Amino acid sequence: MSNSIRAVRGMNDILPDETGLWAFFEDTIRQWLSAYGYRNLRTPIVEQTDLFVRSIGAVTDIVEKEMYTFIDHLNGESLTLRPEGTAACVRAVIEHNLLYAGPQRLYYSGPMFRHERPQKGRYRQFHQVGVEALGLAGPDIDAELILMCARLWRLLGIPDVRLEISTLGSVESRTVYRSRLINYLEKFADELDEDARRRLHSNPLRILDSKNPAMREILEGAPRLLDDLDEDSLKHFESLQQILRNQGINFEINLRLVRGLDYYNRTVFEWVTDKLGAQGTICAGGRYDGLIAQIGGKPAPACGFAMGVERILALMLENQVEGVAAVPDVYLVHQGEAATEFAWKVAETLRDEGFKVMQHCGGGSFKAQMKKADASGARFAAIIGDDEALAGEISIKPLREAAEQVKADLAEAAALLRNV
Ligand code: ATP
Ligand code: MG
C-alpha cells in the first residue's frame, strides 16, 4: 500500500453502495425545486480569487484560511476552487444580465472546497445545494425559502431539524452595534481568547459565534444587536415571523446567529439537528441585499440558503431512509452459442420495453450463472439454453417469490414479466 496513490485527504469517493441514497436525494431535490419554480444555474468550479475575497469578506474563516487558491502558471492569474456557491451565482447573474428579465429564482448544486480539518460532517470537498432568489426584497421571499426547507425535510424523511432565525439589521445599524460591541469586549481584553482578540477590531460580530465557554460567559452580558436595529429591519423581521407562525413553522430566535460570510444582512437562519454531533447545521442562509452591487452589479436585493448534502445524507441514514436501489429487474442467463446469440436480442428487446436487464458475461455453468442472478438482486432470471434458442423462447424464473418458472416467446416476454 505504501506505493499506491490515495485520494486527497478530506476528499471522499462516493461508492456505489452509497450512491443510491444520493440518487434519491437528487431526484427529490429536482422535483421539489421545480414545484417552487426554481431553475438550475451551473457555474464553473474555479473562479477568480478576487470574487470570493470581495464577496465573502477578507476577515472570515473561509478567506483567511480555507481557500484552495493557486496561480495558473500559464497566465499568472490567481484562481480559487469555489468554497461556496452564492458568489459565483451572483457573478453569473450580473455577467449575463439575468435580472433584466425580472426577479430570478435559481438553484445550483455541486462540490465545494474548503481546507478545513477533516472530521465527521466536515470535509475538504463537500457538496452543497444552494437556492437563491434575486431581485425580491420582502420578507415574503425569506418565508418562501424557509417554507421550502420545511417541506424538503418532510420529503427526505428527516423530521428532527429545528429552525433558528435572527436578523442582522442593515449595514448602518450593524455599524452602530459593532462599535458598542467593541467597547464592551475591550473591557475584557485580557480574558479574550486568541481568535476573539484577532477579530476584535476586524470582525467583532464573529466573536458572538464563539464556541469557547469562557467567551460565551463574557458574551452573556454583551449588548444585543436587536436594540440597535433600524425600524425597517425590525418590521421585516416581524413580518417574517408572522408568516412563519401563520404557516405553522416552528422557530427559535437565536440572536447569536452570525453567519460565517460577511455579505448577509437582515434575515439569517439555520436548520440544526442534534443527531449529528458537533456538525449539526445542515442548512444555512439569509438575505444579502448588498452583495450584487458589491461585486459590480446594479443594486438589487437577494436572499438564499445552502445546504450541506453530506450532513443531510448522514441524517437520512440516522432515520433509516432508503435510497434508490440500483438492482436489475432481470438477470439474463444463457449458455451455448445459439443461446448467447439470442440472448443479445432478448436483452435489448426487454430494455426497449423499459426493463433493467443485466446480461451475464463471462460464461460458466447454468448453476454458476444462477448464483450470480440471485446475488444481483434481480426479481427474475431469464434463462436461455439451446432448446429455448431453437424455439425462440425464454424461460422466466421468479427469484424472489414462490411462483412457477414459465416459458414465453420474445413477443410475450415483456407482458408476462409485468404480470407475474
Ligand atoms: P460551519 O459553521 O459548520 O463551518 P459554515 O457557516 O462554514 O458552517 P456555510 O458556509 O453556511 O457553512 O455552508 C452551508 C452548509 O454547508 C453548512 O451548514 C454545512 O451543512 C455545509 N458545510 C459547510 N462546510 C462544510 C464542510 N467543510 N464539510 C461538509 N459540509 C460543510
Ligand atoms: Mg465553516
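Using my numbering, the letters of the sequence shown correspond one by one to residues -12 to 407. The C-beta atom is built at its ideal place from N, Cα and C for all residues, glycine as well. Predicted model only: the values in this text are computed from it and were never measured.
Answer yes or no: the CB of residue i versus the heavy atoms of the ligand ATP, is any distance below 6 Å?
i	result
Phe113	yes
Ile16	no
Ala271	yes
Ala289	no
Arg203	no
Gly295	yes
Glu71	yes
Glu103	yes
Arg243	no
Arg298	yes
Arg109	yes
Thr56	no
Thr268	yes
Can you tell me where the beta strand (DSSP E) holding residue i begins and where it ends?
i	result
Asn406	Looking at the DSSP string, Asn406 is not in any beta strand (DSSP E); the run it does join, the alpha helix (DSSP H), is 397 to 406.
Ser166	Looking at the DSSP string, Ser166 is not in any beta strand (DSSP E); the run it does join, the alpha helix (DSSP H), is 158 to 173.
Ile92	The displayed chain sequence assigns Arg, not Ile, to residue 92. Segment 91 to 100, the beta strand (DSSP E) holding Arg92.
Does the beta-carbon of residue i, which I'm using as the reference point, lie nearer than 6 Å to any heavy atom of the ligand MG?
i	result
Asp48	yes
In angstroms, rounded to a whole number, what distance separates the CA positions of residue i and residue j?
i	j	result
Ile194	Arg211	13 Å
Thr6	Gly310	8 Å
Ala355	Arg387	18 Å
Asn241	Asp4	38 Å
Val412	Ala120	One cannot answer for residue 412 here, as it falls past the ends of the chain, which runs -12 to 407.
Glu131	Ile236	11 Å
Gln35	Asp196	29 Å
Ala287	Ile49	25 Å
Leu404	Ala376	19 Å
Leu134	Ile16	14 Å
Phe175	Phe256	29 Å
Leu319	Phe329	11 Å
Glu305	Lys262	8 Å
Arg167	Asp217	15 Å
What's the call for residue i, buried or exposed, on a 16-neighbour Cβ count within 10 Å?
i	result
Gln234	exposed
Gln91	buried
Thr162	exposed
Ser42	buried
Which residues mark the beginning and the end of the alpha helix (DSSP H) in which residue i is found?
i	result
Ser42	36 to 43
His(-7)	With the sequence shown as reference, residue -7 is identified as Arg, and His is not the correct amino acid for it. Premise fails: Arg(-7) is in no alpha helix (DSSP H) and is neither H nor E.
Lys332	324 to 339
Thr67	Premise fails: Thr67 lies in the beta strand (DSSP E), 64 to 68, not in any alpha helix (DSSP H).
Since I believe residue j is in contact with residue i (beta carbons under 8 Å), could you give me their beta-carbon distance rounded to a whole number of angstroms?
i	j	result
Leu68	Phe100	4 Å
Gly154	Phe224	Here residue 154 is Thr; the residue named in the question, Gly, does not match the sequence. With 8 Å as the limit, Thr154 and Phe224 qualify as a contact, their Cβ atoms being about 4 Å apart.
Hey, does residue i have any beta-carbon neighbour from chain D nearer than 7 Å?
i	result
Asp14	The chain inventory of the structure shown lacks chain D, comprising one protein chain alone.
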